[in-house]
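**Student:** Sharing a structure below in structure tokens format, with a few things to ask.
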């Protein structure tokens, strides 16, 4: 592996660490801040690897996190924000078949919609005020990304989502169950 790919993988490993640790945060702001950093790092990682749709979706995730960290000031829990993000995610889906040249097969139509589902679930979760709800929506987001990553053969992303699912379950056991 050359130096460029090692650096790209380094960004992915750092992103993976922030993603996993995000579900161990006790507060909503903590979860979102860690995911914001994760999105920025995965954006760079995917860009360096030539996975431009993954990079674009993670760039959007970075800005989405900033908006939801300022939820009250920006009224980010209002429906127009949700609709706007979903429309941007759908535009990324369309771009994967137009601008980025993904072959329009039935398999690709299904696989390329999975990260859109994952991003939508994450966006819905950020509208809530508690970390418990964010973890619940992670049970939609992570499996969608995991299937996509398996089909794409991205080992780092597969490990990340597998560990994210474990982290979500641990966070649920630590913080969400009735004592």
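Numbering (the working numbering), first residue to last: 39 to 217. Here a beta-carbon is modelled for each residue, glycine too, at the ideal position from N, C-alpha and C. Because the structure is a prediction, the values reported are computed rather than measured.
#1: If you draw a straight line from the alpha carbon of residue 146 to that of residue 140, how long is it in whole angstroms?
#2: Along the chain, where does the alpha helix (DSSP H) that runs through residue 173 open and close?
#3: How many angstroms separate the CA atom of residue 128 from the CA atom of residue 154?
#4: Determine the extent of the alpha helix (DSSP H) in which residue 56 is found, giving its start and end residues.
#5: Going by other Cβ atoms of all chains shown within 10 Å of its Cβ, with 16 needed for buried, is residue 215 buried or exposed?
#6: Beta-carbon within less than 8 Å of residue 168's beta-carbon, same chain only, minus the 5 sequence neighbours each way: which residues are those?
#7: What is the DSSP secondary structure of residue 131, counted as helix, strand or coil?
#8: Looking only at its own chain, which residues have a Cβ that is under 8 Å from the Cβ of residue 107, when we skip the five neighbours before and after it?
#9: Buried or exposed: where does residue 64 fall if 16 or more other Cβ atoms within 10 Å of its Cβ makes it buried?
#10: If residue 195 and residue 178 are in contact, beta carbons under 8 Å, what's the gap, nearest whole angstrom?
#11: Just tell me which of 101, 188, 180 has its CA closest to the CA of residue 206.
**Tutor:** According to the structure data:
#1: Numbered from its first residue, the chain shown carries residue 146 at position 108. Numbered from its first residue, the chain shown carries residue 140 at position 102. Annotation: residue 146 to residue 140 spans about 8 Å, alpha carbon to alpha carbon.
#2: Sequence index remark: in the chain shown, residue 173 carries index 135 (1-based). Here the alpha helix (DSSP H) through residue 173 covers 169-190.
#3: The residue labelled residue 128 in the question sits at position 90 within the chain shown. The residue labelled residue 154 in the question sits at position 116 within the chain shown. Counting only the Cα atoms, residue 154 lies some 7 Å from residue 128.
#4: Numbered from 1 along the chain shown, position 18 holds the residue referred to as residue 56. Residues 41-60.
#5: Indexing the chain shown from 1 puts residue 215 at position 177. Exposure of residue 215 is indicated by the presence of fewer than 16 other C-beta atoms within 10 angstroms of its C-beta.
#6: Locating residue 168 in the chain shown gives position 130, counting from the first residue. Closer than 8 Å at Cβ, skipping near neighbours: 66.
#7: Numbered from its first residue, the chain shown carries residue 131 at position 93. Under the three-state reduction of DSSP, residue 131 is assigned to helix.
#8: Translated into positions along the chain shown, residue 107 becomes position 69. Excluding positions up to five away in sequence, the list reads 67, 70, 71, 74.
#9: Within the chain shown, numbered from 1, the residue matching residue 64 stands at position 26. It counts as exposed.
#10: Within the chain shown, numbered from 1, the residue matching residue 195 stands at position 157. Within the chain shown, numbered from 1, the residue matching residue 178 stands at position 140. Not quite, the Cβ-Cβ distance comes to about 17 Å (not below 8 Å), so this is no contact.
#11: In the chain shown, counting from the first residue as 1, residue 206 sits at position 168. Closest by alpha carbon: 180.
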